[in-house]
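In this note's numbering, the protein residues as written are -14 to 61.
Note that CB positions come from ideal geometry on N, CA and C, so glycine has one too.
First comes the structure, then the notes that go with it.
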């Protein structure tokens, strides 16, 4: 996060190149995103709700443990 804050233009270029999108599109995505390095209980509940919705609508096949994909340092 610090790197992105201090080197926004470079970070946008890296992200745009990695995703195969324009700098302008990368900038829009960056501005729209409320990126944080912390995950709340509400965030996890929302992810579980999203997962249940996708399972019900058969857009994913397997349920995962949300905590398995979150670094413990990110938990609030």
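Legend entry - In DSSP terms, what residue 26 is bridged to: Locating residue 26 in the chain shown gives position 41, where the first residue counts as 1. Note: residue 26 sits in no beta bridge, so no partner.
Legend entry - Counted within 10 angstroms of its Cβ, other Cβ atoms place residue 59 as buried (16 or more) or exposed: Your numbering for residue 59 matches position 74 in the chain shown. Of the residues assessed, residue 59 falls on the exposed side of the cut-off, its CB having fewer than 16 other CB atoms within 10 angstroms.
Legend entry - Residue span of the alpha helix (DSSP H) that contains residue 2, given as start and end: The sequence position of residue 2 within the chain shown is 17, counting from 1. Judged by DSSP secondary structure, residue 2 falls within the alpha helix (DSSP H) whose first and last residues are -7 to 4.
Inset, instruction - Work out the CA separation of residue 10 and residue 62 for me, nearest whole Å. - result: No answer is possible for residue 62: it lies beyond the span of the chain, which begins at -14 and ends at 61.
Legend entry - Paired residues, beta bridge with residue 60 - DSSP: On the chain shown, position 75 is the one that residue 60 refers to. BP columns for residue 60 point to 24.
Inset, instruction - Keeping to the same chain, check which residues put their C-beta closer than 7 angstroms to that of residue 62; ignore five residues upstream and five downstream. - result: Since the first and last residues shown for the chain are -14 and 61, residue 62 lies out of range.
Inset, instruction - Examine the Cβ distances between the stretch 50 to 59 and the stretch 14 to 34 and report whether three or more of them are shorter than 8 angstroms. - result: Counting Cβ pairs under 8 angstroms, three or more are found: they touch.
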